[in-house]
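First to last, the sequence lines map onto chains X and E.
Under our numbering, the residues of the first sequence are numbered 4 to 346, in order.
Under our numbering, the residues of the second sequence are numbered 4 to 346, in order.
A virtual CB, placed ideally from N, CA and C, is assigned to each residue, including glycine.
In this text the structure is predicted, and so the values were computed from the model without any measurement.
Here's the structure we're looking at; comments come further down.
There are 2 protein chains.
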Amino acid sequence: MEIKEVFKKEKELIKKEIEVKGWIRKHRKQKEISFIDLSDGTTIKQLQVIYDKNLKDFDSIQKIHFGSSIKVKGVLKKGRDTIELQAKEIILIGDCSEEYPIQPKKHSREFLREQAYLRPRTTLFQAVFRVRSIASMAIHEYFQKEGYVYLHAPLFTSSDCEGAGEMFRVTTLDIEKISKTGYIDYEDEFFGKKVGLSVSSQFEGETFAQAFSKVYTFGPSFRADKSHTPYHVAEFWHVEPEVAFCDLEGIMDIGEDVLKYVIKYVLKHAKVEMKFLDEKVEKGLIKKLKKVLKEPFKRVTYKECIDILKQSKIDFEFTPKYGEDISKEHERYLTEYFGCPTI
Amino acid sequence: MEIKEVFKKEKELIKKEIEVKGWIRKHRKQKEISFIDLSDGTTIKQLQVIYDKNLKDFDSIQKIHFGSSIKVKGVLKKGRDTIELQAKEIILIGDCSEEYPIQPKKHSREFLREQAYLRPRTTLFQAVFRVRSIASMAIHEYFQKEGYVYLHAPLFTSSDCEGAGEMFRVTTLDIEKISKTGYIDYEDEFFGKKVGLSVSSQFEGETFAQAFSKVYTFGPSFRADKSHTPYHVAEFWHVEPEVAFCDLEGIMDIGEDVLKYVIKYVLKHAKVEMKFLDEKVEKGLIKKLKKVLKEPFKRVTYKECIDILKQSKIDFEFTPKYGEDISKEHERYLTEYFGCPTI
């Protein structure tokens with residue numbers, strides 16, 4: 004049984020025998036009795052397993068290292084704050100080494116970045132990746148219910164999409180060999196010509212919108228810009244809707260609509276995870292999101308933006324000026340000025 | 004109003020004035036009266052627009068080339084076989100050149116392949132791409148309702164996933180320059196080392212399954228094998244579920260379950276498109292799919308397969324032999340032998 008199900012049906016399961024499988028997050032050992040926090044990743048909640056001296060193999064079970072996977076049969080009980088599983092049988096499925104780097108304590112994100120294959124086992128990343136998954140589903144649900152056709156645009160391309168970014172080149176040439184021989188045999192090049200990775204599926208979306216009226220892509224794009232800011236990544240997934248017979252007002256309606264739909268969907272389907280993120284990562288997160296849902300987004304012209312920025316008397320890094328781009332710092336100021344998402 | 008909606012609500016819309024936008028698929032001109040087949044891609048069905056001499060600008064509207072986009076205001080009428088829109092106003096939105104290559108006739112798929120940006124405007128590709136979109140949604144719905152976490156695995160990688168295929172190299176090096184100078188400056192290489200495009204997200208899926216119990220990826224993979232068969236493509240999208248605490252029997256259950264779910268979903272949500280494909284592309288398609296839904300898949304051991312293949316007395320290209328792979332021709336024979344999907 005999944006641990007999510009155990010919590011969901013806890014009332015009817017009390018005093019019943021159940022079986023769960025998962026990974027040990029914490030293992031507190033006492034002489035007569037011991038406690039295991041068990042996670043199977045179906046929820047960020049952990050199930051407390053209790054076992055005592057009467058359990059078969061008590062001594063060897065006490066030696067099981069956290070991080071190991073186990074199977075537990077037992078009877079569900081009402082504990083002080085939450086439910087507990089009184090174990091009747093504990094079986095080791097997969098052992099975990101003493102050198103296991105994820106300790107039952109708070110790790111820095113920098114440390115976890117180096118343990119990329121293990122960090123999904125922490126509560127933080129359990130929450131983040133489940134929210135990402137649920138938000139992705141919300142995006143698909145929104146566009147499908149609105150009748151859009153979902154496209155998988157080709158990622159190998161020789162178009163650079165109006166210079167949206169620097170392109171990575173894709174090749175089957177042996178570059179090291181070329182440096183030695185000085186000779187490029189284009190017969191060795193898979194497509195027989197220079198090909199790169201798509202920086203955007205916009206062009207493909209546009210040609211399909213001219214056939215289906217409403218289409219969207221939701222896939223990866225790649226940009227080789229050597230810019231080490233938090234706003235740039237070499238590969239990322241994004242959503243690109245393209246709509247025929249639509250005007251700017253209509254596009255803004257869609258943008259606002261899809262964002263609100265995703266927020267509503269995530270708040271509904273990732274309740275536990277959002278509560279965790281609200282408490283541990285960004286206080287007030289849920290309140291902020293609910294505020295976004297309540298009000299219409301502010302829609303403002305470019306000219307009005309520049310006027311507001313000029314009147315702000317703030318010493319921006321980039322001085323606001325008619326004809327120039329609106330920079331990140333300007334966007335931030337404007338959003339705070341209006342107190343809501345601003346288009 | 005979308006043309007899909009017009010057909011859906013045709014009973015309540017008869018004698019009402021409506022406005023539609025779309026592309027002209029066919030334009031038949033007579034002296035007193037003319038007919039336009041209008042498509043907006045929200046359904047593969049086309050709406051017949053009728054206009055006569057009394058319409059303002061009758062002569063110039065008759066000159067509008069098929070492929071053009073127009074806006075039509077008119078009154079919906081019951082025609083002989085289907086509904087018709089009696090135009091009160093027709094406005095040209097986007098003109099289409101006389102050289103437009105998609106004629107109102109059947110084109111070969113080879114020809115359409117060369118017109119990749121226009122082929123979504125044909126009924127065949129309207130059906131194919133909508134079915135693909137709906138099938139993709141079915142896949143997401145299945146795994147999400149079963150509690151799987153959807154992952155976007157990194158596509159840049161230095162692992163080759165157990166040699167699942169040849170890798171494309173991704174580079175920011177200037178290969179042409181290297182051939183001249185004979186010198187590779189790895190400072191110019193984006194990641195500072197040799198990086199390729201993922202051939203499978205299996206490894207990432209496995210690490211996440213060890214945290215969430217059930218995960219899936221649905222994204223692109225890339226293979227540089229120089230194999231020109233219908234079974235090989237350089238880039239493709241696939242679904243890779245990874246499940247912890249599961250055995251072979253359980254994995255087969257999931258495989259069977261997801262396939263049946265997708266078929267059921269497509270038959271329900273792409274009715275018109277599937278009917279078209281059944282009539283025009285593969286007779287008996289719907290019947291075949293419904294048969295797949297009805298019966299359990301055949302599950303058979305490797306040994307049993309080889310025995311059946313040996314007893315078939317068929318002169319296979321690859322002689323079936325214990326210890327050897329089961330080839331495509333063998334798979335085809337076995338599936339026909341059992342008369343159903345075979346695992």
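Same chain, Cβ closer than 7 Å to E:E276, neighbours up to 5 away in sequence not counted: I47, A130, R133 and V134
Contact set for X:F319: own chain, Cβ-Cβ below 6 Å, skip 5 residues either direction: Its chain contains E332 as the residues whose beta carbon lies nearer than 6 Å to that of X:F319, once the 5 sequence neighbours on both sides are disregarded; these appear in chain order.
Candidates X:P233, X:A273, X:W240 and X:V218, of which the one nearest X:V246 by Cα: X:V218
Under 9 Å between C-beta atoms of X:P344 and X:V295: Between X:P344 and X:V295, the gap from beta carbon to beta carbon is short of 9 Å.
Counted within 10 angstroms of its Cβ, other Cβ atoms place E:L158 as buried (16 or more) or exposed: buried
Which listed residue (E:K29, E:K80, E:D62 and E:K56) has its alpha carbon closest to that of E:S72: E:K29
Beta-carbon proximity of X:S161 to X:G199, cut-off 9 Å: Their beta carbons are under 9 Å apart, which means X:S161 touches X:G199 by this criterion.
Close beta carbons around X:P323, own chain, < 7 Å, minus the five adjacent residues each side: I309, L312, K313 and H333
Contact list for X:A90 against chain E, beta-carbon separation under 7 Å: Those do not exist, as X:A90 stays about 17 Å from chain E at its closest Cβ, beyond 7 Å.
Buried or exposed by the 16-neighbour rule on C-beta atoms within 10 Å, applied to E:T85: That one is exposed.
Nearest-angstrom Cα separation, counted from E:K263 out to E:L288: 15 Å
Reduced DSSP secondary structure (H/G/I, E/B, other) of E:R335: Correct three-state label for E:R335: helix.
Span separating the alpha-carbon of X:F61 from that of X:D55: 7 Å
The segment 148–165 of chain E: positions lying closer than 9 Å to chain X by Cβ: G150, Y151, V152, Y153, L154, H155, P157, L158 and F159
Complete runs of the alpha helix (DSSP H) confined to the segment 50–102 of chain E [at least 4 residues]: The segment 50–102 of chain E contains these whole alpha helix (DSSP H) runs: 61–65.
Amino acids of chain E, ordered along the chain, whose beta-carbon sits closer than 8 Å to that of X:E238: P157, L158 and F159
Contact set between X:S182 and chain E, taken where Cβ atoms lie within less than 7 Å: I181, G185, Y186 and I187
Listed by chain order, chain X residues near E:Y120 by CB distance under 7 Å: T210
Residue burial classification, E:G185 (beta-carbon count within 10 angstroms, cutoff 16): exposed
Residue-level contact to chain E via CB, X:M277, 9 Å cutoff: no
Inter-residue spacing [alpha-carbon to alpha-carbon] between X:K32 and E:Y336: 59 Å
Below-9 Å beta-carbon distance, E:D43 vs any chain X residue: yes
Alpha carbon of X:K59 to alpha carbon of X:V52, nearest angstrom: 15 Å
Helix, strand or coil at E:G185 according to DSSP, with G and I counted as helix: coil
Whether X:E87 touches X:L79 by CB criterion (9 Å): Contact: yes.
Listed by chain order, chain X residues near E:H30 by CB distance under 7 Å: Chain X residues near E:H30: none, gap ~18 Å exceeds 7 Å.
Buried versus exposed, by CB contacts within 10 Å (16 or more), X:V173: buried
Cα-Cα separation, E:A237 to E:K297: 35 Å
Beta carbon of X:R124 nearer than 9 Å to that of E:Q205: Against a cut-off of 9 Å, the Cβ pair of E:Q205 and X:R124 comes out as no contact.
Proximity test, Cβ basis, 9 Å: X:V3 and chain E: This structure does not reach residue 3 of chain X, given that chain X is present from 4 up to 346, and the question cannot be answered.
Contact set between X:F248 and chain E, taken where Cβ atoms lie within less than 7 Å: K24
Unbroken beta strand (DSSP E) run spanning X:D43, endpoints: Note, X:D43: premise wrong, no beta strand (DSSP E); not H, not E.
Endpoints, the alpha helix (DSSP H) within which X:G168 is located: Careful: X:G168 lies outside any alpha helix (DSSP H) and carries neither H nor E.
Any 3 or more C-beta pairs closer than 8 Å across the segment 98–114 of chain E and the segment 107–126 of chain X: No, they do not touch.
E:Y268 and E:E169 closer than 9 Å at C-beta: no
Beta carbon proximity, X:M255 to chain E, threshold 9 Å: no
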